[in-house]
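Colleague: Let me give you the structure first, and then I'll get to my questions.
Residue numbers (my numbering), protein chains in the order written: chain F, 2 to 162; chain S, 1138 to 1251.
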């Protein structure tokens, strides 16, 4: 088995070269990475929902866990105002939280480190490192803050998970 | 120039897994009905006669991949060991422009070491 350098799926049946395609993210090596770097392709994959590409995903597969386990560095921060459900990741050194494109926040946020600021009180609702943010998995308002810029990465709309 | 004889119908993908994956990725670019249809198109392309707008080259490394592109259609394919298809897809116009033409694109592909 081989590891995809784009999405870090560890079950590639063929090495990531010679026009082989990652069954997880769909990257074709020699074609897609001819122009774009692996990091750019990773961001594109994440921005389009980090979906499984070929046939059915393995049971229990989770793209965010996969990225987290690979210790992916800071993902691109675009100042997107809202978030589709999924995970928000942060590196161990409190670099920017990832953003996931979307227009509405749905679903549970699994927070592996990072800061969630309660907009109402102006205080951090949670600072959790290496643990899923499981405090009832509910965020009522607030912002996910980019620690390096102190800007809100996105609004998290009132939502009971 | 050495004469090379290509026999249409003898250039399949390495295995069913590769065929399915590449069909999932590129089949829609050719309107292929299924993976076998896509494979047949790839075979036909890799075995088609050369013409003025068909550019072809060989990699000097490893399995001496044969890369070719049709500048008219932007269809691109790679075969290795003559008889096995690696890939078959349509190159975007942007990539062609980036490489200053179809021949530039296929030459760049042949220059890749991996």
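We treat Cβ as the ideally placed atom computed from N, Cα and C, and that holds for glycine.
What are the boundary residues of the beta strand (DSSP E) that includes residue 1194 of chain S?
Modeller: 1191–1195 is the extent of the beta strand (DSSP E) around residue 1194 of chain S.
Colleague: Taking a cut of 7 Å between CB atoms, which residues from the region 1210–1228 of chain S lie near chain F?
Modeller: Listed in sequence order: 1215, 1223, 1224 and 1226.
Colleague: For a contact defined as C-beta to C-beta under 7 Å, what are the partners of residue 1179 of chain S on chain F?
Modeller: Residues of chain F passing the Cβ test: none, with the nearest at roughly 12 Å.
Colleague: Kindly indicate which residue of S:1225, S:1231 and S:1237 has the alpha-carbon position closest to the one of residue 30 of chain F.
Modeller: Residue 30 of chain F has its Cα closest to that of S:1225, out of S:1225, S:1231 and S:1237.
Colleague: For residue 1245 of chain S, decide whether its Cβ has a neighbour in chain F, counting only Cβ atoms nearer than 9 Å.
Modeller: Closer than 9 Å: yes.
Colleague: Alpha carbon to alpha carbon, how far is residue 9 of chain F from residue 102 of chain F? Give it in angstroms, no decimals.
Modeller: Residue confidence for residue 102 of chain F is low, a pLDDT of 31 falling below 50, so the modelled location carries little weight; the figure read from the coordinates is stated next. Their Cα atoms are separated by approximately 20 Å.
Colleague: Tell me the rounded alpha-carbon separation between residue 1156 of chain S and residue 24 of chain F.
Modeller: Their backbone Cα atoms lie some 12 Å apart in a straight line.
Colleague: What whole-angstrom Cβ distance do residue 1207 of chain S and residue 1191 of chain S have, given they're in contact under 8 Å?
Modeller: Residue 1207 of chain S to residue 1191 of chain S, Cβ: 5 Å. Contact.
Colleague: Just checking: is the beta-carbon of residue 1102 of chain S within a distance shorter than 9 Å of some beta-carbon in chain F?
Modeller: In this structure chain S extends from 1138 to 1251, so residue 1102 of chain S is not present and cannot be described.
Colleague: Provide the residue span of the beta strand (DSSP E) that contains residue 1216 of chain S, from first to last.
Modeller: Per DSSP, residue 1216 of chain S belongs to the beta strand (DSSP E) from 1212–1217.
Colleague: So, for residue 1215 of chain S: in the same chain, excluding its five sequence neighbours on each side, which residues have a beta-carbon less than 6 Å away from its beta-carbon?
Modeller: Contacts found: 1202, 1204, 1223 and 1224.
Colleague: Going by DSSP, which residues form a beta bridge with residue 1204 of chain S?
Modeller: Partner(s): S:1194 and S:1215.
Colleague: Starting from the C-beta of residue 32 of chain F, find all residues in its chain whose C-beta is less than 8 Å away, skip the five residues before and the five after it, and write them out in chain order.
Modeller: Hits under 8 Å: 20.
Colleague: Applying a beta-carbon distance threshold of less than 8 Å, which residues of chain S neighbour residue 47 of chain F?
Modeller: Chain S residues near residue 47 of chain F: none, gap ~19 Å exceeds 8 Å.
Colleague: Would you please state the rounded distance, in angstroms, between the beta carbons of residue 1235 of chain S and residue 36 of chain F? I believe it to be under 8 Å.
Modeller: Contact holds; Cβ gap of about 7 Å.
Colleague: Name the one or two DSSP bridge partners that residue 1226 of chain S has.
Modeller: DSSP output for residue 1226 of chain S lists S:1213 as bridge partner(s).
Colleague: Can you pull the chain S neighbours of residue 24 of chain F, defined as C-beta to C-beta under 7 Å?
Modeller: The answer, in chain order, is 1158.
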